[in-house]
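What follows is one structure encoded as structure tokens, with my remarks underneath.
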Amino acid sequence: MPLLEIRSLTKVFPLGESIFGGGAKGEVRAVDDVSLDIQAGETLGLVGESGSGKSTLGRLLLRLIEPTSGNIRFDGRDLLAADHGAMRRLRRDMQIIFQDPFGSLDPRMRVEDVISEPLIIHERMSATARRVRVAELLRAVGLDESALRRFPHEFSGGQRQRIGIARALALKPRFIVADEPVSALDVSVGAQIVNLLAQLQREFGLTYLFISHSMPVIRYLATRIAVMYRGKIVEVGPTEQITSTPSHPYTKSLLAATPEMEIA
Ligand SMILES: Nc1ncnc2c1ncn2[C@@H]1O[C@H](COP(=O)(O)OP(=O)(O)OP(=O)(O)O)[C@@H](O)[C@H]1O
Ligand SMILES: [Mg+2]
Numbered sequence: 014m015p016l017l018e019i020r021s022l023t024k025v026f027p028l029g030e031s032i033f034g035g036g037a038k039g040e041v042r043a044v045d046d047v048s049l050d051i052q053a054g055e056t057l058g059l060v061g062e063s064g065s066g067k068s069t070l071g072r073l074l075l076r077l078i079e080p081t082s083g084n085i086r087f088d089g090r091d092l093l094a095a096d097h098g099a100m101r102r103l104r105r106d107m108q109i110i111f112q113d114p115f116g117s118l119d120p121r122m123r124v125e126d127v128i129s130e131p132l133i134i135h136e137r138m139s140a141t142a143r144r145v146r147v148a149e150l151l152r153a154v155g156l157d158e159s160a161l162r163r164f165p166h167e168f169s170g171g172q173r174q175r176i177g178i179a180r181a182l183a184l185k186p187r188f189i190v191a192d193e194p195v196s197a198l199d200v201s202v203g204a205q206i207v208n209l210l211a212q213l214q215r216e217f218g219l220t221y222l223f224i225s226h227s228m229p230v231i232r233y234l235a236t237r238i239a240v241m242y243r244g245k246i247v248e249v250g251p252t253e254q255i256t257s258t259p260s261h262p263y264t265k266s267l268l269a270a271t272p273e274m275e276i277a
């Protein structure tokens with residue numbers, strides 16, 4: 014059984030007043046009748062041009078936004094039927110890593126508080142047990158305890174992404190949506206984060222939906238690749254197949270634009 018079963022998932026956003034007058038309103042089918050399985054332990058790479066609906070799909074899967082129609086099963090359970098309490102438990106299993114993990118965070122929070130926050134909200138833990146767990150998480154992402162008392166702005170982009178990853182791992186999730194986690198980073202720093210994500214996947218048996226514009230990164234990490242175009246999945250298959258015999262024009266152009274690059 015797949016970890017996620019997505020069936021006919023659709024998200025329509027209303028647009029504002031039509032610029033042509035007459036009060037007619039348009040809509041954007043950001044995600045349009047998407048059906049897809051994500052297998053436990055795999056990395057599904059999601060590529061597609063800007064505005065094709067990748068982030069919307071990722072947010073729907075975590076129920077950060079509600080779909081217009083369709084179904085999502087997580088580990089066999091109907092995600093959209095889950096009530097508040099059930100969703101609260103399910104949320105622990107599903108996390109997201111953003112391009113800039115601190116864009117939305119209080120810059121006055123110390124790293125220790127950033128990573129502890131999900132533990133305080135979701136786990137009953139003594140302060141001592143929590144400190145031990147936070148230290149473990151820091152080590153898992155390659156930072157040491159001197160980071161605990163410092164503030165996000167004191168770190169480089171790559172280190173900040175490590176902190177964001179530690180926070181995402183705090184509740185031992187099974188599924189992680191990584192939405193362009195390395196696109197804001199220099200190539201070499203991004204490669205280190207990509208390696209870290211691969212290592213964490215092996216260590217913790219994680220399943221990823223990995224959204225990226227970078228074909229070298231996708232190629233390195235993804236088990237399978239799904240190509241999104243105007244809200245639809247136009248092509249999905251094993252990484253080797255999609256990169257050697259792409260069928261959709263967007264995939265072809267993406268591959269043509271990709272210089273050969275090594276990720277060490
Ligand atoms: N909250 C919203 N309200 C209205 N329209 C939205 C909203 N969120 C996204 N959209 C629209 O839905 C479409 C898909 O957006 P989305 O952010 O999912 O694309 P994307 O593939 O992630 O793009 P990018 O590669 O630039 O991140 C776009 O047309 C976008 O303008
Ligand atoms: Mg996006």
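Heads up, the sequence shown stops at 277 in the numbering used here, and the numbers go up one at a time, no gaps.
Ideal Cβ positions, reconstructed from N, Cα and C, are used throughout, including at glycine.
This one's a predicted model, so the numbers in the text were calculated from it and none came from an experiment.
CA-CA distance, residue i and residue j?
i, j, result
"M100", "I246", "27 Å"
"A160", "M107", "25 Å"
"R72", "I78", "6 Å"
"G244", "G64", "8 Å"
"R102", "V195", "29 Å"
"L93", "I109", "18 Å"
"F217", "L150", "12 Å"
"P15", "D88", "7 Å"
"S260", "S227", "18 Å"
"P27", "T81", "11 Å"
"L268", "Q52", "25 Å"
"V60", "M138", "39 Å"
"A277", "A235", "In this prediction, A277 scores a pLDDT of 44, lower than 50, which makes its location untrustworthy; the coordinate-derived value is nonetheless stated afterwards. Roughly 16 Å between the two C-alpha positions."
"E248", "L74", "19 Å"
"L22", "F168", "39 Å"
"P251", "A140", "45 Å"
"R20", "L49", "7 Å"
"D113", "E125", "18 Å"
The alpha helix (DSSP H) spanning residue i covers which residue range?
i, result
"P262", "P262 to A269"
"D88", "Taken as a continuous stretch (DSSP letters only), D88 belongs to no alpha helix (DSSP H), as it is neither H nor E."
"M241", "That residue, M241, is in no alpha helix (DSSP H); its beta strand (DSSP E) goes R237 to Y242."
"E79", "E79 -> no alpha helix (DSSP H), and no H or E assigned at all."
"K67", "K67 to L74"
I'd like the span of the beta strand (DSSP E) that includes residue i, first residue to last.
i, result
"I110", "M107 to I110"
"L59", "T56 to G61"
"V247", "K245 to P251"
"V190", "F188 to D192"
- Three or more C-beta pairs closer than 8 Å, one from the stretch 215–231 and one from the stretch 40–48: is that the case here? Taking 8 Å as the limit for Cβ pairs, the verdict is that the stretch 40–48 does not touch the stretch 215–231.
- Message: Can you tell me which residues fall inside 6 Å of ligand 1, judged by beta-carbon distance to its nearest heavy atom, and keep chain order?
- Response: Residue list for ligand 1: F26, V41, A43, G61, S63, G64, S65, G66, K67, S68 and T69 (CB closer than 6 Å to any heavy atom, chain order).
- Message: Does the stretch 236–243 come into contact with the stretch 195–213, if we say contact requires no fewer than three beta-carbon pairs (one atom in each stretch) closer than 8 Å?
- Response: Segments in contact, no.
- Query: Between the stretch 161–175 and the stretch 133–143, do at least 3 Cβ pairs fall closer than 8 Å?
  - Reply: Between the stretch 161–175 and the stretch 133–143, the count of C-beta pairs closer than 8 Å stays below three; the two stretches do not touch.
- Which ranges does the alpha helix (DSSP H) cover as unbroken runs of at least 4 residues, wholly within the stretch 111–168, from first to last along the chain? Qualifying alpha helix (DSSP H) stretches, in chain order: 124–135 and 140–153.
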